[in-house]
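This report concerns only the one structure given below.
Residue numbers (the working numbering): 99 to 296.
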């Protein structure tokens with residue numbers, strides 16, 4: 099993984115929003131105008147751009163954001179953050195979460211306080227916090243049938259079938275145990291917080 103530039107070098111900034119959230123368009127436009135006014139190159143994530151138009155702001159797919167953006171500002175709730183984090187996991191793009199939803203454990207900047215905090219970010223007055231990722235892989239007859247990176251958790255469930263599933267659990271390619279159950283949940287420290295609270 100390549101390392102992205104330090105905060106003072108945030109030149110290309112992606113803005114990702116929960117497209118259908120009431121009133122989010124105004125917040126996204128305000129952020130884009132502020133960033134443009136500070137001389138930054140601003141892009142909207144492609145789905146976000148379908149719902150918000152700001153002159154001079156083009157759209158990028160998540161893959162393009164992963165290649166070109168120095169940071170992504172995520173406006174929404176934790177679901178929006180998890181969705182884009184999953185898509186950008188392999189690119190090492192830092193994420194800044196602004197809470198425009200109901201749950202805000204990861205999107206902890208209130209939308210009412212976002213502008214002064216964005217100004218601090220552009221001035222390099224930020225602390226980064228690295229979060230653990232899980233790589234989950236499901237094998238059947240020694241053949242991979244599913245593989246993904248997870249920011250929160252990996253859930254293996256029996257699906258729509260009845261009865262239990264038989265699992266052979268390995269960590270870092272080392273056998274841990276066999277299990278018969280309804281499923282298995284493996285959490286990162288970030289994901290385990292949600293389970294503790296529920």
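For glycine and all other residues, C-beta sits at the position ideal for the given N, C-alpha and C.
Three-state secondary structure (DSSP) of residue i
{"i": "residue 289", "result": "helix"}
{"i": "residue 120", "result": "coil"}
{"i": "residue 202", "result": "coil"}
{"i": "residue 193", "result": "strand"}
{"i": "residue 172", "result": "strand"}
{"i": "residue 233", "result": "strand"}
{"i": "residue 105", "result": "Caution is warranted here: a pLDDT of 46 is assigned to residue 105, below 50, making its placement in the model unreliable, and the coordinate value is therefore given only provisionally. If DSSP states are grouped into helix, strand and coil, residue 105 belongs with the helices."}
{"i": "residue 141", "result": "strand"}
{"i": "residue 152", "result": "coil"}
{"i": "residue 208", "result": "strand"}
Where the alpha helix (DSSP H) through residue i begins and ends
{"i": "residue 274", "result": "From DSSP, residue 274 is part of no alpha helix (DSSP H) but of the beta strand (DSSP E) over 272-279."}
{"i": "residue 177", "result": "176-186"}
{"i": "residue 110", "result": "From DSSP, residue 110 is part of no alpha helix (DSSP H) but of the beta strand (DSSP E) over 110-115."}
{"i": "residue 167", "result": "Run containing residue 167: none; DSSP gives neither H nor E here."}
{"i": "residue 145", "result": "144-147"}
Classification of residue i by the beta-carbon crowding that lies within 10 angstroms, buried from 16 upward
{"i": "residue 206", "result": "exposed"}
{"i": "residue 223", "result": "exposed"}
{"i": "residue 245", "result": "exposed"}
{"i": "residue 100", "result": "Here residue 100 scores only 41 on pLDDT, less than 50, and its place in the model should not be relied on; the value that follows carries that caveat. Result: exposed."}
{"i": "residue 259", "result": "exposed"}
{"i": "residue 109", "result": "exposed"}
{"i": "residue 283", "result": "exposed"}
{"i": "residue 309", "result": "Nothing about residue 309 can be read from this structure; the chain reaches only from 99 to 296."}
{"i": "residue 195", "result": "buried"}
{"i": "residue 230", "result": "exposed"}
The ligand NAD heavy atom lying under 7 Å from the CB of residue i
{"i": "residue 258", "result": "Questions concerning the ligand NAD fall outside what the structure shown contains, since it holds no ligand whatsoever."}
Nearest neighbour of residue i, chosen from the options [CA to CA]
{"i": "residue 193", "options": "109, 183, 258", "result": "183"}
{"i": "residue 179", "options": "143, 157, 158, 108", "result": "143"}
{"i": "residue 266", "options": "129, 260, 114, 239", "result": "239"}
{"i": "residue 159", "options": "173, 114, 276", "result": "114"}
{"i": "residue 277", "options": "262, 235, 250", "result": "262"}
{"i": "residue 236", "options": "118, 136, 256", "result": "256"}
{"i": "residue 233", "options": "225, 227, 242, 226", "result": "242"}
{"i": "residue 112", "options": "151, 247, 169", "result": "169"}
Boundaries of the beta strand (DSSP E) in which residue i is found, first to last residue
{"i": "residue 158", "result": "156-158"}
{"i": "residue 217", "result": "Run containing residue 217: none in the beta strand (DSSP E); it sits in the alpha helix (DSSP H), 212-220."}
{"i": "residue 264", "result": "263-269"}
{"i": "residue 255", "result": "251-255"}
Cutoff 6 Å; reference residue i; Cβ partners in own chain excluding five residues on either side
{"i": "residue 157", "result": "142, 144, 147"}
{"i": "residue 152", "result": "127, 130"}
Beta-carbon proximity list for residue i, same chain, < 8 Å, skipping 5 on both sides
{"i": "residue 154", "result": "134, 140"}
{"i": "residue 164", "result": "185, 186, 188, 189, 191"}
Residues near residue i in its chain [Cβ-Cβ closer than 7 Å; skip 5 each side]
{"i": "residue 208", "result": "197"}
{"i": "residue 132", "result": "213, 216"}
{"i": "residue 274", "result": "267, 268"}
{"i": "residue 218", "result": "224"}
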